[in-house]
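*Asks:*
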Amino acid sequence: MDNGILIDSFADFARGKNIDRPTMIRILEDVFRTMIRKKYKVDDNFDIIINTDSGDLEIWRFREIVDDNSEDIWDHDKISLSEARKIEPDFEIGEEVSEEIKLIDFGRRAVMTARQTLIQKIKDLEKDILFDKYKELVGEIIVGEVYQTLSREILLIDGEGNELHLPKNEQISKDRYRKGDSVRAIVHRVEMVNGNPKIILSRTSPTFLERLFESEVPEVYDGLITIKNVVREPGERAKVAVESYDDRIDPVGACVGMKGSRIHSIVRELQNENIDVINFTDNLELYIARALSPAKIQSMKISEEKDRVSVYLKPDQVSLAIGKGGQNIKLASRLVGLEIDVFRELGDFEDEDVDIDEFADEIEDWIIDELKRIGLDTAKSVLTLTMEELVRRTDLEEETIKDVLKIFKQEFE
1 MDNGILIDSF ADFARGKNID RPTMIRILED VFRTMIRKKY KVDDNFDIII
51 NTDSGDLEIW RFREIVDDNS EDIWDHDKIS LSEARKIEPD FEIGEEVSEE
101 IKLIDFGRRA VMTARQTLIQ KIKDLEKDIL FDKYKELVGE IIVGEVYQTL
151 SREILLIDGE GNELHLPKNE QISKDRYRKG DSVRAIVHRV EMVNGNPKII
201 LSRTSPTFLE RLFESEVPEV YDGLITIKNV VREPGERAKV AVESYDDRID
251 PVGACVGMKG SRIHSIVREL QNENIDVINF TDNLELYIAR ALSPAKIQSM
301 KISEEKDRVS VYLKPDQVSL AIGKGGQNIK LASRLVGLEI DVFRELGDFE
351 DEDVDIDEFA DEIEDWIIDE LKRIGLDTAK SVLTLTMEEL VRRTDLEEET
401 IKDVLKIFKQ EFE
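Note that the sequence shown covers residues 1 to 413 in my numbering.
(1) So what does Lys198 bridge to, in DSSP terms?
(2) For Gly235 and Lys168, which I take to be in contact (beta-carbon distance under 8 Å), what is that distance rounded to the nearest angstrom?
(3) From the DSSP output, in three-state form, read off Leu270 for me.
(4) Using 8 Å as the cut-off, can you tell me whether the stretch 98–108 makes contact with the stretch 43–61, which would need three or more C-beta pairs spanning the two stretches below that distance?
(5) Out of Lys39, Arg237, Ser244, Ile157, which one is the CA nearest neighbour of Ile104?
(6) Give me the Cα-Cα distance between Ile157 and Val217, rounded to the nearest whole angstrom.
(7) Check this for me: beta carbons of Glu64 and Asp77, under 8 Å apart or not?
(8) State yes or no: is the C-beta of Val309 within less than 8 Å of the C-beta of Lys296?
(9) What three-state label does DSSP hand Ser381 in the structure shown?
(10) Can you give the Cα-Cα distance for Val231 and Ile25, rounded to whole angstroms?
(11) If Ala185 sits next to Phe208, beta carbons under 8 Å apart, how far is it from one beta carbon to the other, in whole angstroms?
(12) In its own chain, which residues sit with a C-beta less than 7 Å from the C-beta of Asp348, not counting the 5 before and 5 after it?
(13) Could you tell me the boundaries of the beta strand (DSSP E) in which Pro167 lies?
(14) What is the DSSP secondary structure of Asp434, counted as helix, strand or coil?
(15) Leaving out the 5 sequence neighbours to the left and right, which residues in its chain are closer than 6 Å to Pro206 when beta-carbon positions are compared?
(16) For Asn328, collect the residues of the same chain with a Cβ closer than 8 Å to its Cβ; drop the 5 residues on either side in sequence, then sort them by chain order.
(17) Quick one: which unbroken alpha helix (DSSP H) runs of 4-plus residues sit fully inside the stretch 67–154? Chain order, please.
(18) Could you have a look at Leu156 and say whether DSSP puts it in helix, strand or coil?
(19) Distance check for Arg85 and Glu96, CA to CA, integer angstroms please.
(20) Give every residue of the same chain whose Cβ lies closer than 6 Å to the Cβ of Ile48, excluding the five residues on either side of it in the sequence, and list them in chain order.
(21) Hey, how far is the Cα of Glu399 from the Cα of Ser261?
(22) Less than 8 Å between the beta carbons of Asp361 and Ala379, yes or no?
(23) Using 8 Å as the Cβ pair cut-off and three pairs as the minimum, do the stretch 139–157 and the stretch 239–259 touch?
(24) Which same chain residues end up closer than 6 Å to Glu358 when comparing Cβ atoms and leaving out the 5 residues on each side of it in sequence?
(25) For Met35, which beta-bridge partners are listed by DSSP?
(26) Helix, strand or coil: how does DSSP classify Arg290 here?
(27) DSSP state of Val342, grouped into three classes?
(28) Can you tell me where the beta strand (DSSP E) holding Ser244 begins and where it ends?
(29) Excluding the 5 residues flanking Ile367 on each side, which residues of the same chain have their C-beta closer than 7 Å to its C-beta?
(30) Which of the three DSSP states is assigned to Arg373 in this structure?
(31) Please name the residue or residues paired with Met300 in a DSSP beta bridge.
(32) Report the option in Leu164, Arg211, His188 whose CA atom is closest to the CA atom of Asn196.
(33) Could you give the distance in angstroms between the alpha-carbon of Leu155 and the alpha-carbon of Val187?
(34) Looking at the strands, I want to know which residues DSSP matches up with Asn279.
(35) In the structure shown, what three-state DSSP assignment does Ala295 receive?
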């Protein structure tokens, strides 16, 4: 293979992969030096001159001329006088011989191997460049296009055709995608798997919500409002603590926007995830009270170790504090970094009644609906009836009614 053809074909391939010229030359030189070492054992007395623009390649071997009877005649960087004069008849001892080595001198097989090695090195370099590129993008939002949906993950491609992975556990449960759909997510992590970079995205990470706020709220992007903490139950509920360093800016109002204009686009992106934006404060008790919003706290007691807090609420506020499936209290605990224990406020509530909807965290919705169907909408209205009456008037089983009565009785104990 001609020098020019080899260099040109490699240069075209490298340019197609966006490899810069210095890197291209370095790879070429590494491959040719490997060829030289295989044939001549060493390469320290060889110079390689490469011009990727013209396709020129020159390999020069330099040796010092010694007497034919010299002990150094077998050194790799020495040549006998008689051999040197075959190259140039007027050479003398002590002079340096520069001899051009043609690519064909290495043999056809070596040249073909070099060509394959060059292509493989470019592919390896391309993988390294891709890995480094996305390593720097970890935690940033990117947009990919769905090209295949699998049971365990969705495969996407970026604008350059690189493969991206969105695993099932990094998707919001309500996410539904088809081929060709655009997906926004953050780069969660980048791994090398069997020598190939694997780019893993996430839509469930708290960082994704944080980046969405940066893109939708200019004050967050400009640093006027700081996001102190983000906790999420992806697709269901989230709490975001924000703080403003400018007294003229209301951080919560700025994040929500006029009539919710700013936060609505974030909520839609997250499949209607309910987002509570909370004004951060160094006052721990006030911060806990805000974190448990919309519930209103009567009092609280923080443990000496400052790892737990007991909050006391009126009976009608307990279910609000706990939230559906315990989401509100879980998120509040994670937001403030303390375990939160909820208690009904101590006091005389014998004359008070509690709406049965307030027990939604302990009693299933269909049971509550069945009680309402026969006109029982408060705890005490249920307790006034006997077991037999409840069995006769509802479609509930006796065991279920026993459990409901036990919960209601505990409320008033």
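No residue lacks a Cβ here, since even glycine has one placed at the ideal position from N, Cα and C.
*Replies:* Once the coordinates are examined:
(1) Glu191
(2) Wrong, their Cβ atoms sit about 13 Å apart, outside the cutoff.
(3) Coil at Leu270, not helix or strand.
(4) The answer is yes - the stretch 43–61 touches the stretch 98–108, with three or more Cβ pairs under 8 Å.
(5) Lys39
(6) 28 Å
(7) yes
(8) Contact: no.
(9) helix
(10) 50 Å
(11) 7 Å
(12) Confidence at Asp348 is low in this model, with a pLDDT of 45, below 50, so its placement is unreliable and no value can be given for it.
(13) 163–167
(14) An answer regarding residue 434 cannot be provided, because it is not within the stretch 1 to 413 covered by the chain.
(15) Val230, Arg232
(16) Residues Arg237, Leu292, Ala295, Leu320, Ala321, Ile322 of the same chain have their beta carbon placed closer than 8 Å to that of Asn328, with the five preceding and five following residues left out of the count.
(17) 81–87, 108–136
(18) strand
(19) 12 Å
(20) Glu29, Phe32, Ile59
(21) 49 Å
(22) Their beta carbons are not under 8 Å apart, which means Asp361 does not touch Ala379 by this criterion.
(23) Because the criterion of three Cβ pairs below 8 Å is not met, the stretch 139–157 and the stretch 239–259 do not touch.
(24) Asp316, Ser319, listed in sequence order.
(25) Met35 is not bridged to any residue.
(26) helix
(27) strand
(28) DSSP places Ser244 inside the beta strand (DSSP E), whose first and last residues are 237–244.
(29) A distance below 7 Å between beta-carbons, with the five flanking residues on each side excluded, links Ile367 to the following residues of its chain, in chain order: Leu396, Thr400, Val404.
(30) helix
(31) Partner residues in the beta bridge of Met300, as assigned by DSSP, are Val311.
(32) Leu164
(33) 14 Å
(34) Bridge partners of Asn279: Val242.
(35) coil
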